[in-house]
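To keep things clear, I will list the structure first and then write my remarks on it.
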Amino acid sequence: MSTEPDAALQRQIDLLQQALTFITLERRALERGDWIEVERLSAEKLRLYDQLQKTEALRSPAHSADTDLWRTRQELLAERHRQNEDNGRIIAALRRFHEGAWQLLFGKDLPIYDGIGHVSATPQGHHLGSA
Numbered sequence: 027m028s029t030e031p032d033a034a035l036q037r038q039i040d041l042l043q044q045a046l047t048f049i050t051l052e053r054r055a056l057e058r059g060d061w062i063e064v065e066r067l068s069a070e071k072l073r074l075y076d077q078l079q080k081t082e083a084l085r086s087p088a089h090s091a092d093t094d095l096w097r098t099r100q101e102l103l104a105e106r107h108r109q110n111e112d113n114g115r116i117i118a119a120l121r122r123f124h125e126g127a128w129q130l131l132f133g134k135d136l137p138i139y140d141g142i143g144h145v146s147a148t149p150q151g152h153h154l155g156s157a
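Okay, so the sequence shown: first residue is 27 according to my numbering, each after it adds one.
Pasting the structure below:
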């Protein structure tokens, strides 16, 4: 076992701590209804997750015995997952609320996004002046 800490494992811990900060900021933006900030923070989280995956490939199996760092990493991963799930539930609840409001206002379901998250085209109505 090496006495030097695994630099890639330490980098993962740093990235996970940054991700937790972004998730907290994302939750605050959700609470404010600041969707532009939610989108920006989501992009930052994706960037961090990409870096996490890249650092995983660099981790040395020889340092896997560094139990303190490994335990910290695992705890951060679990907390990141829990908080991200909480934010996901908030987003799902807001979506259900908005869909219900749409149904009440317009009397029909009109999806705003398709199944993969792209903005879908709304049904074409009569354009002003085209009658």
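Yeah, the Cβ is synthetic: ideal placement off N, Cα and C, and Gly gets one too.
None of the values given here were measured: they were computed from a predicted structure.
Under the three-state reduction of DSSP, D40 is assigned to helix. When DSSP states are grouped into helix, strand and coil, D112 belongs to the helix group. For a cut-off of 8 Å, the C-beta gap from D32 to D92 is around 6 Å, short enough to register as a contact. For R66, the enclosing alpha helix (DSSP H) has its first and last residue at 61-84.
Scanning Q38, H124, F48 for the CA closest to the CA of K71 turns up F48.
Two segments are said to touch when three or more pairs of C-beta atoms, one from each, lie closer than 8 Å; by this definition the segment 57-76 does not touch the segment 124-135. Looking at the backbone, the Cα of E63 and that of A127 are separated by about 23 Å. Straight through space, the alpha carbons of E105 and L46 are spaced by roughly 8 Å. By the criterion of a C-beta distance shorter than 7 Å, H124 is surrounded by no residue of its chain, once the five residues flanking it on both sides are discounted. A straight-line Cα-Cα distance of about 27 Å links L102 and G59. Listed in chain order, the non-local C-beta contacts of L56 below 8 Å within the same chain comprise V64, N113, I116, I117, L120, local neighbours out to five positions each way being set aside.
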